[in-house]
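**Q** I am attaching a structure below and will ask some questions about it afterwards.
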Amino acid sequence: MPVEPLPAPAVGAAALREPRYGRVAMALHWLLAAMIVGSLGVGLYMTGLPFSPQRLKLYSWHKWAGITILLLSALRLLWRLTHRPPPLSARVLAAMPTWQRAAHRISHALMYLLFFAVPLFGWAYSSGMGVPVVWFGLLPLPDLVTVDKDFAEAVLKPLHQRSAFLLAGVTLLHVAAALKHHWIDHDGLLQRMWPAPRKESAG
């Protein structure tokens, strides 16, 4: 009797799982994402308000959020430098031509740069206008520049606004790329920054 060939070993679900970031990296990623989106939204809203106590309160919140984003960005960068991210799998790389891999690296580097640039320009603008930044109303922060309202309005304010809009644009591209990998490529890239289901984490 002819010998039946052995069936090929099945590929388990574990073999298709993307290696995930650690919990600290995930927490910093999503916390920063929420704070940046919220801060951009508040910034756009408050500039259209007339001078009022509500506008002053929103400006204070916006500054507190900016300093918090600055600190979290420093923590995230330090964590990234001391904890290597999980490598991209072969199926993710297969869905990314050379230009997309280059765009991936450039956009991430630009986002990290803007994480620092946007709040620092805002802090410098506040200092230049002679308005000190008091973090959460408790901790006075040093001025980054001397008081010069003309320079603050002509240079620092546009730098803060344009870098914020650039950050918003890069963030939208980042989200669009992640959704493209999830909904079109189906390569599991998005799950790298998503907590594992209970069954998977227990398996």
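Per UniProt numbering, the sequence shown starts with residue 1, numbered consecutively.
Note that CB positions come from ideal geometry on N, CA and C, so glycine has one too.
1) Distance, Cα to Cα, Leu120 vs Ala109?
2) If you scan the region 7-90 from start to end, which runs of the alpha helix (DSSP H) of 4 or more residues do you find wholly inside it?
3) So which of Leu113, Pro50 and Leu58 has the shortest CA-CA distance to Leu70?
4) Bridge partners of Val140, per DSSP?
5) Can you tell me whether Leu189 is buried or exposed? The criterion is at least 16 other CB atoms within 10 Å of its CB, across all chains shown.
6) My understanding is that Val145 touches Gly130, with C-beta atoms under 8 Å, so please give their C-beta distance in whole angstroms.
7) Taking the alpha-carbon of Phe116 as reference, which of Leu141, Phe151, Gly66 and Ala95 has the nearest alpha-carbon?
8) Under a Cβ-count criterion, where at least 16 other Cβ atoms within 10 Å of its own Cβ denotes burial, should Gly137 be classed as buried or exposed?
9) Since I believe Arg91 is in contact with Asp150 (beta carbons under 8 Å), could you give me their beta-carbon distance rounded to a whole number of angstroms?
**A** If we stick to the structure as given:
1) 17 Å
2) 23-46 and 53-82
3) Leu113
4) Reading the sequence as shown, one finds Pro at residue 140 and not Val. DSSP lists Val134 as partners of Pro140.
5) buried
6) Not really, about 10 Å apart at Cβ, beyond 8 Å.
7) Gly66
8) exposed
9) Not quite, the Cβ-Cβ distance comes to about 56 Å (not below 8 Å), so this is no contact.
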